[in-house]
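When we follow full-length UniProt numbering, the leftmost residue of the sequence shown carries the number 1, and every step to the right adds one. One structure below.
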Amino acid sequence: MQSKPLTTAVSIHKNNEVIPFRSTPLANMGSHGIRVIRRDGSTTSLNIGKIRDVVEWACEGKKVNSIALEAGLTTRLRDGITTREIQDNLINCALEMCSPEEPDWRYVAGRLHIWSLWKDTLVARGYQYGNYEKTVKTQVKKLLYDERILIYSEAELKEAGSWINSDWDIDYDYAGALLITSRYLLKNELPQEALLTCSLLLATVEEPANRLPWAKKFYQAIAQRKISLATPILANLRTPKGSLTSCFILSIDDSLESIFDEITNAARISKNGGGVGVNVSRIRATGSWVMGKANASGGIIPWIKLLNDTAIAVNQGGRRAGAVTIGVDIWHLDVPEFLEMQTENGDQRRKAYDVFPQLVITDEFMRRVINKAEWTLVDPYEVRNKLGIELAELWGEEFEEAYRLVEANLDQEILLYKKINARDLFKSIMRSQVETGMPYIAFKDTINRANPNKHDGYIPGVNLCTESFSNVTPDKTAHCCNLVSLNLANIDREEIESNCQIAVRILDNTIDITNPPFDNAKNHNDKYRTIGVGAMGLADWLAKRKLSYNNLSEISNLFEEIGYWCTYSSMELAKERGAYQAFLGSEWSQGKLIGAKPVAWFLNNAVQPQRWQQLATDIQRFGIRNSHITAIAPNTSSSLVQGCTASVLPVYSRFFYDKWAKGTVPIAPPFIEEAFWFYSENKNLEQQQVVKAIATMQEWIDTGISMELLFNLNEGVYFPEEPNRCLTAKDIFDTLVMAWELGCKAIYYIRTVQKDNFRESDDSCSSCAN
C-alpha cells in the first residue's frame, strides 16, 4: 500500500515558513530550561516546534489525530532528554494508541522509526539520500558490498541513484519498518539503497545495453512492494559471496560416506542461511544388518540426531539455529520411533528436538487408511538386498507393484517387518500434529505425477516449508531453489503480466550470480534451473474485492493468470538464453504444461484456453528456461515488510498484537478499514474451505504451496447452532484426507487454537475411523 507522497527525507521540516503556534499540548508546554542531547552528542534547547513538525509529518494522510500523539508525549519530556528518547517515546505513544478502531497509528509509528533511521544515517555518514555513487564506493571499500556492483560506471550509478524515491520508505507500518531495519539493512545503509543495490546486481547478467533498463524495472517493482525478494536474496545479495538460495533438499544413501557427506552439505547450507530438507528413507532400519551381523543397526534416529546437532552448531552465522526438516517414507520400519523422537519420554539419546519431521506418504497408504487396512513397515536394506528393490525411489504404480511383491515375501525373504493398521498409524500422526504441529506431510505420488522431469529421476520429499521440490539424486544433485513473491495486495489485474515477467527474470538471473554452497547444488542449478515465483496478500486481494475463500472461480482465474504469465515468461527467456539442460525428454518437451498436464486439460478448464495451446506449441519449439517456475512460500516475516497478509492463507485475525524481542507489535491487514468485514479470520474459518482454495490454486502452480491448517478446538466456533459442540478428531481426519483427495501436494504445520485437552470420545482420536 503506497501512501500519499510526503516531504522527502532530506527536508522534512517547513523551511523559511512561519508556523503558527497552535493551542495544542506541545504548544502550551513550557520548554524553558530543558536541554536536549542530539544524536551527535551536542546539546541544544528543546524546540517544541520541531517535535510538532515531526508529529504532523508522521500523521499526514492517515486517519489519526496528531494532537493525541502530542498529548501522549507531554509527561515524558525532561531536562537532558536525548532526541532518540523523544523519538522512541513518540513511537511508543503511537503504538499504545493503535487499535482495531484506529489501526493507522501503526503507520505513524513506522514513519517515526524510519525518521530515526534517516537521522542516525545523517549523523554517521554526513548525508542521507542523494549521493548513491558515494555510498556504493564506500560500502565496497568496507567490504560490505559485493564488488560486482562496480561493473557500473560512476555515471550509471549516479543515474540509478536518481530513481530513488525516499517516500517509499514511509509506506511501512511499524512491523515492516522494524523488520527491514533490523534484519536486512547493512551498517549505514538506507532502505532504498539496499533495494536499488540488489536490483543493480540482479541486472549484472544482462547485456551491457540492457542492464540499467532492467535494473530500473527490478527496482521499481521491488521498492513499490509489488515483488518481494526472499530473505536470502534481500539479506545476502549485496554482500560478498553471499548465498541467495532459499531451499535445499538432500537425499542420503545407505552408506557412511553418503551420510557424512550430506551432513557436511547440510552444515554448509546452514552456514549460508538456507533451509534444508533431508530424506533418510534409504538408510537401513533399527535391527537391520551391519557388516553381515544381524540386529546391529541403530536405524535412522542416530543419524537424525547428528543432523539435529549440526543444525544447532552451525547456526547461520549466529543469527538463528539451522533449519532442517527430516523426511522418511511411510513404509520405513522406523516410522513409529520417528514419530516419538520429539517426545519427552524414552531414551534421550534417541531424541531430536530441533529438527522438523516430515512423513512422505503414498496413495496406497492413504487408500488403506480410508479402508482401515493393514500396512507393512519394512527395512529398506533387506528389501534392497533380498529382492533387488530400492523402495525409496519408487512412486505410483511402480511402488504399488513392488510393495505388493514385498508383502508377498513376508516371512520368506523379508524377515524384518511390522504390520500395523494404517488407520491407527494415521491417528498417531494426527495426534502428534495436534500436540506439536508436526510432522509435515508430503504426498509423494501427487508430487511426482506433476514432476516435469520424470525422465530424469524422482522427487523424494519436500523442502523446509513444503512448497519447493524437484529431482534429487544422492551424492550427485541436491535440489536448490530461489524464491520471490508477487504481492497481490499491491498488484492490479493488468499488472500481473509485467510483474510475472520481471519476477521470472529476477530469479533466472539469481541462478547465474549465486554461489551454491556445495557442488551437488551447483549441479542441480545447472541441470534444472529451478525457480519459485510465489504469491502473498491473497487475503487482501479478496477483501479489496469483497470476496472470500469460497469464491473458488475468482481464485482460479487469478492463479490462471499468474501460472500462464510465469510459464510464458520462462519460455520467452528460453528463446533468449536457451532451455534448461534436462529439457529434452521432459513433460514440457512433450507438450504438457503446469503439473505435467496435457493441453486437453487446459482447453477444458482455462478461461482463455487457446493461449495455453499456443504456449504448449511454443515450448516444444523454443524450450523453457526453468524446469519448475512457481511455488508459494509461507512468507510469514517478509509479508510484514511487504505490508500484506502472509502467503495465500486467510489472515489469522483482523487485528492482534505479536510479541517480539523489542516489545509488542500491532499486526493488521493493510485494508482493515476499507474491507474489515471481508477479511476471513483463519482462527474461525472452517479449514475445508482453505483446503479447497489451496487445491484450486495448485492446479496453476507447478511446484507446491505451503499450506498451514489452523483448527480451533474451542466449543461453538464452527457450529454456532450447537454452542457446546467442538471440533473432533474425525473432523480433522476428514480435512486431511480431503487435502490428499483434492490434489494438495503437502501439508505444512497443523496449528490449533487453545483448548486444554484433545478429549478422547466417540468422535475423537480413538474412533476417528467411524
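For each residue, glycine too, the CB sits at the ideal point set by N, CA and C. A quick note: this is a predicted structure, and the numbers were derived from the prediction, not measured.
Environment of W331 [buried if 16+ CB atoms lie within 10 Å]: Its Cβ being crowded by 16 or more others within 10 Å, W331 is buried.
M291 Cβ short of 7 Å to the ligand SAM heavy atom set: Ligands in the displayed structure: none, and consequently the ligand SAM is not present.
Sub-8 Å separation of M571 and L640 beta-carbons: For M571 and L640, no; Cβs fall outside 8 Å.
Inter-residue CB distance, P670 and G643 (contact presumed, cutoff 8 Å): About 5 Å separates the two Cβ atoms, so the contact holds.
For Y440, the residue or residues it bridges with in DSSP: DSSP, once it has assigned bridges, lists Q358 as partnering Y440.
Spatial distance of Y174 from Y107 (CA atoms): Rounded to the nearest angstrom, the two C-alpha atoms are 6 Å apart.
Residue interval of the beta strand (DSSP E) (run including L391): No beta strand (DSSP E) holds L391; DSSP gives it neither H nor E.
Rounded separation between E681 and D658 - CA only: In a straight line, the C-alpha of E681 is about 16 Å away from that of D658.
E760 versus K427 - alpha carbon distance: Confidence is the limiting factor: at E760 the pLDDT is only 35, short of 50, which leaves the residue's position unreliable, though a coordinate-based value still follows. Looking at the two C-alpha atoms, the distance is approximately 12 Å.
Segments assigned beta strand (DSSP E), at least 3 residues, entirely inside the UniProt domain "ATP-cone" (34-123): As for any beta strand (DSSP E) of minimum length 3 sitting wholly inside the UniProt domain "ATP-cone" (34-123), the runs are 35-37 and 43-45, ordered along the chain.
M536 beta carbon less than 8 Å from that of S589: The Cβ atoms of S589 and M536 do not sit closer than 8 Å to each other.
Host beta strand (DSSP E) of W588 (start-end): Element bounds for W588: n/a, residue is neither H nor E.
Where the alpha helix (DSSP H) containing M697 begins and where it ends: Taken as a continuous stretch (DSSP letters only), the alpha helix (DSSP H) holding M697 covers Q687 to Q698.
CA nearest to the CA of E364, picked from T343, V378, N551 and R404: Considering only alpha carbons, the answer is R404.
A94 vs A71 beta-carbon contact at 8 Å: No, these two residues do not count as a Cβ contact at 8 Å.
Three-state secondary structure (DSSP) of M536: The answer is strand: DSSP assigns M536 an E or B state.
S246 and L507 closer than 8 Å at C-beta: L507 sits away from S246, with the two beta carbons spaced by 8 Å or more.
Contact under 8 Å by Cβ, V737 with N684: No, they are not a contact pair.
Per DSSP, the bridge partner or partners of Y417: DSSP links Y417 through a beta bridge to V378.
Residue(s) in a DSSP beta bridge with V328: According to DSSP, V328 bridges with L359.
CB contact flag (L117, L190, <8 Å): Yes, Cβ-Cβ distance for L117 and L190 is below 8 Å.
Between the CA atoms of G49 and F21 - distance to the nearest angstrom: Caution applies to F21, whose pLDDT of 33 falls short of 50 and renders its modelled position unreliable; the model cannot decide the point.
Backbone CA spacing between E154 and W601 [nearest angstrom]: Taking the straight line from one Cα to the other gives about 53 Å.
First through last residue of the beta strand (DSSP E) which encompasses W660: W660 -> beta strand (DSSP E) spans F656 to W660.
Paired residues, beta bridge with I249 - DSSP: Beta-bridge pairing links I249 to G277 and H479.
Environment of Y679 [buried if 16+ CB atoms lie within 10 Å]: Around the CB of Y679, 16 or more other CB atoms lie within 10 Å, so the residue is classed as buried.
Residue from S255, T310, W57 and P516 with nearest C-alpha to S243: Considering only alpha carbons, the answer is P516.
Span of the beta strand (DSSP E) around T239: That residue, T239, is in no beta strand (DSSP E); it is neither H nor E in DSSP.
Exposed unless 16 or more other CB atoms sit within 10 angstroms - verdict on R368: Buried, because 16 or more other Cβ atoms sit within 10 Å of the Cβ of R368.
With 16 other Cβ atoms within 10 Å as the buried cut-off, status of F443: Buried, since its Cβ has 16 or more Cβ neighbours within 10 Å.
Given 8 Å, three or more beta-carbon pairs between the segment 351-363 and the segment 321-330: At 8 Å Cβ cutoff, the stretches touch.
T343 versus Q224 - alpha carbon distance: About 46 Å.
Cβ-based neighbour list, S432, same chain, cut-off 6 Å, excluding 5 preceding and 5 following: Taken in chain order, the residues that qualify are L339.
Touch test, the segment 31-44 against the segment 54-66, Cβ-Cβ under 8 Å, three pairs minimum: By the Cβ test, the segment 31-44 is not in contact with the segment 54-66, since fewer than three Cβ pairs between them sit closer than 8 Å.
Touching by the beta-carbon criterion (3+ pairs, under 8 Å), the segment 278-287 and the segment 379-393: The segment 278-287 vs the segment 379-393: in contact.
Option in A543, Q754, A596 and R505 with minimal Cα separation from E576: The candidate whose alpha carbon is nearest that of E576 is R505.
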